[in-house]
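Everything on this sheet refers to the single structure shown next.
2 protein chains.
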Amino acid sequence: MNDDALGRLGDGGSLTNRVQAAIEEMIMNGELRGGDKVNEITLSERFGTSRGPLREACRALAQEGLLVAIPNRGVFVRELDLREALEVYDVRSALDELMGRLIAERVDDAQVRELYGLVDAMDRAAAERDLERYYPTNLEFHNRLLALANNRRLQRLYKGLVKELHLFRRKGLLQLGSMRISNEEHRQIVQSIEARDPIAAGVCMKSHVLAAKQRLLAAVEAERAQEITLAQTSAPRRRRQGT
Amino acid sequence: MNDDALGRLGDGGSLTNRVQAAIEEMIMNGELRGGDKVNEITLSERFGTSRGPLREACRALAQEGLLVAIPNRGVFVRELDLREALEVYDVRSALDELMGRLIAERVDDAQVRELYGLVDAMDRAAAERDLERYYPTNLEFHNRLLALANNRRLQRLYKGLVKELHLFRRKGLLQLGSMRISNEEHRQIVQSIEARDPIAAGVCMKSHVLAAKQRLLAAVEAERAQEITLAQTSAPRRRRQGT
DNA sequence: GTCCGCCGGTCTGTTGACAATCTGACGCAT
DNA sequence: ATGCGTCAGATTGTCAACAGACCGGCGGAC
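Given below as structure tokens:
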């Protein structure tokens, strides 16, 4: 991020809104990592504002859960441990089930065709092992579903949860887990939506998220096993790893 | 609320936190109603602070969804129309299902007995038509369930939704609807929890919320019908009511 | 050698003042 | 009478400075 950081986000109206968007962006693209301290003076100088708007932006982000404010100590980028990440997946599973239910109750044929189009595109990308194309389409697919649910509260909470997952320490594991995603799950979701079966659509979407949760767990376990192996080979005399 | 408004909430550490709690309190007890403007100078003078902390508190409450900030116009207490209230109920139904699922997977016998105790207390209060005792117990029952789910994310989102429902214009209708609540639903919830049946517990809790949603809808319909009747008798020559 | 208390620097918490914007009303022209 | 441009008052947006809290290092006592 450069000195024109706020200029690019010029559509916020107030400085506070732009600063808030800028900090959120810094967190999302990894410039600010979990546990980092948000220094008011440093950041306000960088954005070319005073500390007032910056403090207001931090307050909002803290309420949103992206930052943590400790009185007289400052604000820090929140850090999500494995337990919390799994909690988020559980909540997402519940919201996804609702999403499927709502969508199946109100889609029209054109929307179903659009969803099939996205699934087909993902199939083609997957066949070519083209992850650069698979990811954005996958993202669009889920955004489209979220929009089709037509429930603003659901949309806000869901987007918040997605943002929160960016705070997971080993974010790489999330992508590693979703890499092995089965597009077949997506197709089943659309099929149950096409059948206008709210129960089935809800179950499909819930299962989809819970499967992702399990993939994350598996990836964490795999990494842990590998770490232990590495540690044992490089320092074989050590019997116990740090807990 | 008096001039000691912040003194009673003295445990917030920073002024901002106390102001935030105070404003939230004002919204919850109805002193600030939906659509009301939050004047920075007026409120800051009332709390004995400057505008800085007050603005930060409003930022946080806006992010939480209790206030709405319009650039260069100020912040206003958010107003929930019927459509939005129903949306909230839908989301709550999903979260409650998750809650039931999680609880049934991890309760112990003592906790089940405690839940039965609360249901019994509600039965006794209902038998005596003692709503003053029924309400707090009902609240405690649901808070207890929320705690038993042991999922902080779920707890935060759920409490947020409950707060948001206070912004519904005709809040009275909510209570009117829950007055006819069947404690039998509560007992069924506990029974399925006691049976350690996650599916059944989830369904029971989801149904409980959706039933409340239907009761709200019915109350709104009843009120609307009565309004039309009154309007027709008092001004019978008018054929069309204002939309 | 270790622990305790002091102290300077740094950062946050808060404030009051200045600049920009909006609201509502007044007066004028049509 | 109605509509429009203008203006004063009020309110929000932003800033720079002051006060207080926390952190780390230093020196002395045991």
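In order, the protein sequences belong to chains H and F.
For what it's worth, this note's numbering labels the leading residue of the first sequence as 1, then goes sequentially.
For what it's worth, this note's numbering labels the leading residue of the second sequence as 1001, then goes sequentially.
All C-beta atoms, glycine included, are put in the ideal place defined by N, C-alpha and C.
All figures in this text were calculated on a predicted structure; none of them were measured in a lab.
Supposed close pair residue i, residue j - CB separation, criterion 8 angstroms
i       : j       : result
F/G1074 : F/V1038 : 7 angstroms
F/E1097 : F/M1205 : 6 angstroms
F/L1054 : F/L1067 : About 12 angstroms; that fails the 8 angstroms criterion.
H/G202  : H/G100  : 4 angstroms
F/L1082 : F/V1220 : 6 angstroms
H/L61   : H/I103  : 30 angstroms between Cβ atoms; not a contact.
H/A85   : H/L165  : 7 angstroms
H/V91   : F/L1157 : 7 angstroms
F/P1198 : F/E1105 : 5 angstroms
H/L146  : H/V107  : Incorrect: roughly 13 angstroms between the Cβ atoms, too far for contact.
F/R1059 : H/R59   : 5 angstroms
Which listed residue (the options) has its alpha carbon closest to that of residue i
i       : options                               : result
F/R1170 : F/E1025, F/G1034, F/P1071 and F/L1139 : F/G1034
F/H1186 : F/L1217, F/Y1089, F/Y1134 and F/R1156 : F/Y1134
F/Q1111 : F/T1229, F/E1194 and F/S1207          : F/E1194
F/L1032 : F/D1197, F/R1129, F/V1077 and F/T1229 : F/V1077
H/R18   : H/D36, H/I41 and H/F47                : H/F47
F/A1021 : F/A1057, F/D1108, F/D1036 and F/S1050 : F/A1057
F/H1142 : F/E1084, F/H1208 and F/P1198          : F/H1208
H/A94   : H/L216, H/E227, H/P136 and H/L154     : H/L154
F/M1028 : F/I1199, F/K1159 and F/P1198          : F/K1159
F/T1016 : F/R1051, F/G1030 and F/I1228          : F/R1051
H/Y89   : F/Q1191, F/D1197, F/E1223 and F/R1152 : F/R1152
F/M1248 : F/M1026, F/N1138 and F/E1087          : Residue coverage of chain F in this structure runs from 1001 to 1243, which leaves residue 1248 of chain F outside it and unanswerable.
F/A1125 : F/R1144, F/I1070, F/V1107 and F/N1183 : F/N1183
F/E1140 : F/E1114, F/L1167, F/I1041 and F/L1217 : F/E1114
H/N150  : F/G1117, F/E1087 and F/P1136          : F/E1087
H/D109  : H/I228, H/V190 and H/G30              : H/V190
H/N72   : H/E40, H/T49 and H/E45                : H/E40
F/L1030 : F/L1167, F/R1129, F/E1045 and F/G1117 : According to the sequence shown, residue 1030 of chain F is Gly rather than Leu. Minimum Cα distance to F/G1030 is reached at F/L1167.
F/Q1188 : F/I1070, F/M1026, F/Y1116 and F/A1069 : F/Y1116
Chain F residues whose Cβ lies nearer than 7 angstroms to that of residue i
i     : result
H/P71 : G1013 and S1014
Partners in chain H for residue i, counting only beta-carbon separations shorter than 8 angstroms
i       : result
F/E1087 : N151, R152, R153 and L154
F/L1246 : For residue 1246 of chain F there is no data in the structure shown, the boundaries of chain F being 1001 and 1243.
F/R1244 : The structure shown has nothing for residue 1244 of chain F, since chain F only spans 1001 to 1243.
F/G1117 : Result: empty, since nearest Cβ-Cβ is about 28 angstroms, beyond 8 angstroms.
Secondary structure of residue i, DSSP reduced to three states
i       : result
F/L1066 : coil
H/G13   : coil
H/L32   : coil
H/G100  : helix
F/V1038 : strand
F/G1048 : coil
F/V1107 : coil
F/T1243 : Its pLDDT being 32, under 50, F/T1243 is placed unreliably by the model, and nothing is read from it.
H/E25   : helix
F/L1061 : helix
F/P1236 : With a pLDDT of 49 at F/P1236, under the threshold of 50, the modelled position of that residue is not reliable, and the figure given next carries that caveat. Reduced to three states, the DSSP call for F/P1236 is coil.
F/R1008 : Here the model assigns F/R1008 a pLDDT of 49, short of 50, so the residue's position is not dependable, and the following value carries that caveat. Helix at F/R1008.
H/S93   : helix
Neighbour list for residue i in chain H, Cβ cutoff strictly below 7 angstroms
i       : result
F/L1157 : V91 and L157
F/G1035 : Neighbours of F/G1035 on chain H: none; closest Cβ ~18 angstroms, over 7 angstroms.
F/R1055 : E56
F/G1074 : Going along chain H, no residue has its Cβ under 7 angstroms from F/G1074, so there is no contact; the nearest lies around 12 angstroms.
F/G1030 : Under the 7 angstroms cutoff, chain H gives no residues; its nearest Cβ is about 22 angstroms from F/G1030.
Neighbouring residues, chain F, relative to residue i (Cβ below 9 angstroms)
i     : result
H/Q63 : Q1020, R1059, A1060, L1061, A1062, Q1063 and E1064
H/G48 : In chain order: nothing, as chain F lies at least about 19 angstroms away.
Proximity test, residue i beta-carbon vs the ligand MG heavy atom, cut-off 8 angstroms
i       : result
F/A1218 : For the structure depicted, the ligand MG is absent and the ligand set is empty, with no information on it obtainable.
Exercise for the section: Quick one: which unbroken alpha helix (DSSP H) runs of 4-plus residues sit fully inside the segment 1124-1197 of chain F? Chain order, please. Expected result: 1131-1149, 1152-1165, 1171-1179 and 1183-1194, all fully within the segment 1124-1197 of chain F.
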